[in-house]
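Read the structure below first, then the notes.
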Amino acid sequence: NFEFTLGAPTYPQSYQVASTALSMTEVENKILEFLLSSNPFDQITSWISANVGDKVADPQFIRALSTAVVRSAIHKQNTSWKLKVELLRKEENLLTKYMDNKENLELQCLFAIQALTNELEHPQGFLCQIFQTLWEDGIIPTESFLAWSLCNDGHEVTGKAVALKSLTSFFTALKETENDSSCEDS
Numbered sequence: 001n002f003e004f005t006l007g008a009p010t011y012p013q014s015y016q017v018a019s020t021a022l023s024m025t026e027v028e029n030k031i032l033e034f035l036l037s038s039n040p041f042d043q044i045t046s047w048i049s050a051n052v053g054d055k056v057a058d059p060q061f062i063r064a065l066s067t068a069v070v071r072s073a074i075h076k077q078n079t080s081w082k083l084k085v086e087l088l089r090k091e092e093n094l095l096t097k098y099m100d101n102k103e104n105l106e107l108q109c110l111f112a113i114q115a116l117t118n119e120l121e122h123p124q125g126f127l128c129q130i131f132q133t134l135w136e137d138g139i140i141p142t143e144s145f146l147a148w149s150l151c152n153d154g155h156e157v158t159g160k161a162v163a164l165k166s167l168t169s170f171f172t173a174l175k176e177t178e179n180d181s182s183c184e185d186s
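Just so you know, we're using UniProt numbering here: the sequence shown kicks off at 1 and counts up by one.
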């Protein structure tokens, strides 16, 4: 066995390359599993490189990644979903790495968060808190949030009106470029 002598990295079975192409749902579930298990950034990105390859720039991958990152940062409290901001912040580096400051990919991230929020039946203040965090931390710039709000793509209408209504205070603050948290009163 030359792996040891050559210094080739070895990973647990869960990190091994899949023998067949994974669906984006499977990719999302695997990333979520890694995040919930607190796996290091480098191990997650190595798995993504091995299993997703050049599809990391595909909109579907960004949606899967974004959904996994947000799901890893939420928990059910009584009957509603709550965001643990510190957990979202812990994984923002994955979003930054793969969105790579590309507006089209930042929009895919926002659409994925919109879809997840709709799936969770629009918990009060949830979407605003996520958007506020991503904006304050410089993960997604003002221009991408404004582009998302103005997008009339027929494929992205599900839950959009409710989402926009819940983000009134966020967009007011964004337009005024205030750095105060505009989600406090939501």
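C-beta: ideal position from N, C-alpha, C; glycine also. Quick caveat, the model's predicted, so the values are computed rather than measured.
Checklist line | residue 159 classed as buried or exposed, judged by whether at least 16 other C-beta atoms fall within 10 angstroms | finding: Classification of residue 159: buried, given that the 10 Å Cβ count is 16 or more.
Next item on the list: Compute the Euclidean distance between the alpha carbons of residue 123 and residue 101, then round it to the nearest angstrom.
Entry: Residue 123 and residue 101 have their C-alpha atoms spaced approximately 28 Å apart.
Checklist line | Presumed contact (8 Å Cβ cut-off) between residue 94 and residue 44, rounded CB distance | finding: Right, the Cβ-Cβ distance comes to about 7 Å (below 8 Å), so this counts as a contact.
Note to self: On a Cα-Cα basis, can you pick out the residue from 177, 27 and 117 that is closest to residue 50?
What the structure shows: The candidate whose alpha carbon is nearest that of residue 50 is 27.
Check: With DSSP run on the structure shown, which of helix, strand or coil describes residue 97?
Finding: Residue 97 falls in the helix class under three-state DSSP.
Check: Would you call residue 144 buried or exposed, if buried means 16 or more other Cβ atoms sit within 10 Å of its Cβ?
Finding: With 16 or more other Cβ atoms from the protein chains shown falling within 10 Å of its own Cβ, residue 144 counts as buried.
Next item on the list: Classify residue 91 as buried or exposed, calling it buried when 16 or more other Cβ atoms lie within 10 Å of its own Cβ.
Entry: Label assigned to residue 91: buried.
Next item on the list: Spatial neighbours of residue 96 within its chain, please: CB distance less than 7 Å, with the 5 preceding and 5 following residues excluded, ordered by chain position.
Entry: Closer than 7 Å at Cβ, skipping near neighbours: 139.
Item checked: Touch test, the stretch 30-37 against the stretch 67-74, Cβ-Cβ under 8 Å, three pairs minimum -> Yes: at least three Cβ pairs fall under 8 Å.
Margin query: If I follow the unbroken beta strand (DSSP E) through residue 62, where does it start and stop?
Written below: Residue 62 -> not in any beta strand (DSSP E); alpha helix (DSSP H) instead, spanning 59-71.
Checklist line | Between the CA atoms of residue 55 and residue 29 - distance to the nearest angstrom | finding: CA-to-CA, the gap between residue 29 and residue 55 works out to about 16 Å.
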